[in-house]
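Below: one structure, written as structure tokens.
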Amino acid sequence: MKVFRQYIAGGLLSVLLLILCFPGLSAAKVLIGVIMTGDIPYYGSMHQAFVDGLKKKLPPDQEVQFILQRPFPDPIAWSNAARKLIALDVDLIVSYGAPATHAVLFEKSSIPVVYAGVYEPQAAAFKGRQVSGCGYKIPLSSLLRYFKRIRDIQDLRVVYSSTEEDTVRQMTELVSLAEQQNINPVRMDIRSRGDLKKLKGISENDAVYMTGSSLAHVWSDEILTSLREKRIPAVGIFPDSNETGMLITLFQPPAQQGEAAAEIAAKIIGGEQADNIAPELLRETELIFNLAEAKELGITFPIQLIIEATRVIK
Amino acid sequence: MTFPDHAGRWRFYRRLLVLPMAALLIYTCVATQVRAGDRNRELLIGIEPEHNIFDQMQRYRALAAYLSDELGLEVKLTIMSRYGEVLQRFRSLRLDGALLSSYTAALAIRELGLTPVANLVNLDEGSTSQGYIFVRKDSGIKNVEDMRGKSVVFVDPATAEGYVFARAFFRQHGIEDLDSHFSRHYYSGSHASAVFLVLDGRADIGSAKNTVYNQLVGRDSSILDELSIIATSPEMPEVTLCLKRELAPELLDKLRTSLLNMDQTIEGHNVLKQLAARRFVRSDPDDFAVIEEMAADAGMKILNGSAD
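Protein chains in written order, with numbering that gives the first Met the number 0: chain A, 0 to 313; chain B, 0 to 307.
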């Protein structure tokens, strides 16, 4: 009996050692905390692709629970959401957008972080040992180039938010590009709903360029309705999911980033160190022309331009 | 009438028949020429989709009208749906000639025995073009190894500048199979689209004709800041008018003379302006050897026109 107990104890010890040596196998249930920079369709699609992709990559018996945080796009809200997930001691945090990622990394927890939906992550300069992910790059100049081919632009209103670091970079790049093209850039910083009043000052010869600001996209319906009343065209780098009035969009398909993030997350759940996984930069884009909106605005797309689109909305 | 012998009778008949036979022969020749002339009351010239068909139809309509006046017959143009269609159209005997880009011209000369008549000289005083392989400067792609796992856009399998050159270049750098080196490859259908696709990030690597590339840069110099050229092909004839050998030699000569002298007349000058060209110059069949070499380097058989 004594020998039998010794065998049992030895066996249990072996199992414990195996579990300690292979932490990836230890988690019967994985708890994943998710933060979106804003509750906008772009990150929603990305997250859906992430969930679907992760299911495919993990073993069928691997249980996964998600805790989803969709804070209002505001630094305090991002910070609170990040702290909540850390307090819940999740196994992995997935952050969509640069501001949410910065908020998580600022807390300096030991929880691995996978980011997605970050514009030029190299420029975002994330600091942290347990961090990897995927970002995207849109040639902002291309959108401006197409815009110029359909109408003359005097003032280009660049809608961004100074609370979202990545959109500040986009705005800076656009200002430079506009000046090169002899277009007068006008910065439109949206920090609160009150800033939407700035739209009243837009004249008929202006055009609007929407950066990837979550705050601006939370109010995109209001912004686009206001612009349509004045027959002012808008272009942007996020898809116009509801097709509510963006004339041209050039965007990185969010599902691709969701799938790439899922692959990285699956590796981390499998036991790899996040900082050993190379981040990805996705550059593939889709170009959508909204011909229905163009008709409303009295704009004609040259046929030579239409053939360049990935898709047209009629 | 009596004949001294059998040979005398034969000489008589022979003399009797010489004139009618000669007349018949002359009649046959003339009638053939007349029938050829009738057949050539209309000249159907095919055009490849150089940039896009809307621009092209506009540009070439003036040329058709000018040649109709010069030749005294109706010159009609038809835009082919795609680059490689020229062989099928010639085979179905529906075309008398075509303005062909370098690869299809080489193919048509070799396979169909077409006669290269004249080359278009562009506004930069060049009648040749080159293939470019280009990437976005911020892509980090500097060489073929960096291209692994990236996407590549070609223009059409039947373009030297937009496909054959790139295939030859990749093959020289050890890439036999596109699918195993690139994440995907596809065709844009026009040189300009290939440039825009790379600019937009919809493809990582592009291949297109230098003249179209330079036109786009001329309209928007910011493209130079964004794209970088990785490789450049040798020069080759850009656009060549090739005609069927069966056309009457007089018509071929007349057409060639009209084209070569076009820049000497005000009407001709106006047509050239619409074509964004200076003049036409005589074409030399030897100029197409470079394309055959390129096709061989790409592992393509120019004789049957197949890609791979």
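All C-beta atoms, glycine included, are put in the ideal place defined by N, C-alpha and C.
The structure displayed is predicted, hence computed values, not measured ones.
Q: Following the continuous beta strand (DSSP E) through B:G205, name the residue where it begins and the one where it ends.
A: I204 to K208
Q. How would you list, in chain order, the residues of chain A whose beta-carbon sits under 8 Å from the beta-carbon of B:R201?
A. E283, T284, E285, L286 and T309
Q: For chain B, find out if any of its Cβ atoms is closer than 8 Å to the Cβ of A:S140; answer yes or no.
A: yes
Q. Just the Cα atoms here: how many angstroms apart are A:A115 and B:V216?
A. Spanning the alpha carbons of A:A115 and B:V216 requires a straight line of approximately 34 Å.
Q | Helix, strand or coil at A:R186 [DSSP, three-state] | A | strand
(Q) Please identify the residue among B:Y65, B:Q55 and B:L177 whose C-alpha is closest to the C-alpha of B:L42. (A) B:Y65
(Q) Rounded to whole angstroms, what is the Cα-Cα separation between A:D88 and A:G235? (A) Taking the straight line joining both Cα atoms gives about 37 Å.
Q) Mind checking if B:H225 is an interface residue toward chain A, Cβ cutoff 8 Å exclusive? A) For the record, residue 225 of chain B in the displayed sequence is Glu; it is not His. A Cβ of chain A is located within less than 8 Å of the beta carbon of B:E225.
Q. Closer than 9 Å, Cβ to any Cβ of chain A: which residues of the stretch 202-224 of chain B, in chain order?
A. A202, D203, D219, S220, S221, I222 and D224
Q) Relative to the C-alpha of B:G200, which residue among A:L280, A:P70 and A:N183 is closest? A) A:L280
Q: Sort out for me which residues DSSP pairs B:G96 with in a bridge.
A: B:I44 and B:L242
Q: Could you check what DSSP says for B:D199 in three-state terms: helix, strand or coil?
A: In this structure, B:D199 counts as coil in the three-state DSSP scheme.
Q. Which runs of the alpha helix (DSSP H) spanning at least 4 residues fall entirely within the stretch 221-281 of chain A, listed in chain order?
A. Taking only runs of at least 4 residues, the alpha helix (DSSP H) segments lying wholly in the stretch 221-281 of chain A are 253-268.
Q: For B:V271, write down the residues that DSSP places opposite it in a beta bridge.
A: Looking at the sequence provided, one finds Leu at residue 271 of chain B rather than Val. For B:L271, which the question treats as bridged, DSSP gives no partner whatsoever.
Q. So which of B:L72, B:L76, B:D123 and B:E234 has the shortest CA-CA distance to B:I290?
A. B:E234
Q.
Spatial neighbours of A:L195 within its chain, please: C-beta separation below 8 Å, excluding the five flanking residues on both sides.
A. Cβ contact annotation for A:L195 (same chain, cutoff 8 Å, sequence separation greater than five): I189, W218, E221, I222 and S225, in chain order.
Q: May I ask you to report which of helix, strand or coil DSSP gives B:I290?
A: helix
Q) Looking at the structure shown, is A:I302 part of a helix, part of a strand, or coil, going by DSSP? A) helix
Q.
I need the DSSP call for A:I75, collapsed to helix, strand or coil.
A. helix
Q. Going along the stretch 114-137 of chain A in order, which residues come within less than 8 Å of chain B, judged by CB to CB distance?
A. K136 and I137
Q: Would you list the residues sitting across from A:F288 in a DSSP beta bridge?
A: Looking at the DSSP assignment, A:F288 forms a beta bridge with A:I247 and A:V311.
Q: Determine the contact status of A:R150 and B:D219, defining contact as a CB-CB distance below 8 Å.
A: no
Q. Quick one, are the C-beta atoms of A:Q180 and A:K147 less than 8 Å apart?
A. yes
Q) First and last residue of the beta strand (DSSP E) that includes A:G52? A) Run containing A:G52: none in the beta strand (DSSP E); it sits in the alpha helix (DSSP H), P40 to K56.
(Q) Distance check for B:T103 and B:N118, CA to CA, integer angstroms please. (A) Rounded to the nearest whole angstrom, the C-alpha separation of B:N118 and B:T103 is 14 Å.
Q: Taking only beta-carbon positions, decide if A:L15 is within less than 8 Å of chain B.
A: Low confidence applies here, because A:L15 scores a pLDDT of 46, under 50, leaving its location unreliable; read the following figure in that light. Output row for A:L15: interface = no.
Q. Taking buried to mean at least 16 other C-beta atoms within 10 Å of its own C-beta, is A:P278 buried or exposed?
A. buried
Q: Confirm, please, whether the CB-CB distance from A:I276 to A:I323 is below 8 Å.
A: Because chain A here runs from 0 to 313, residue 323 of chain A falls outside it and cannot be looked at.
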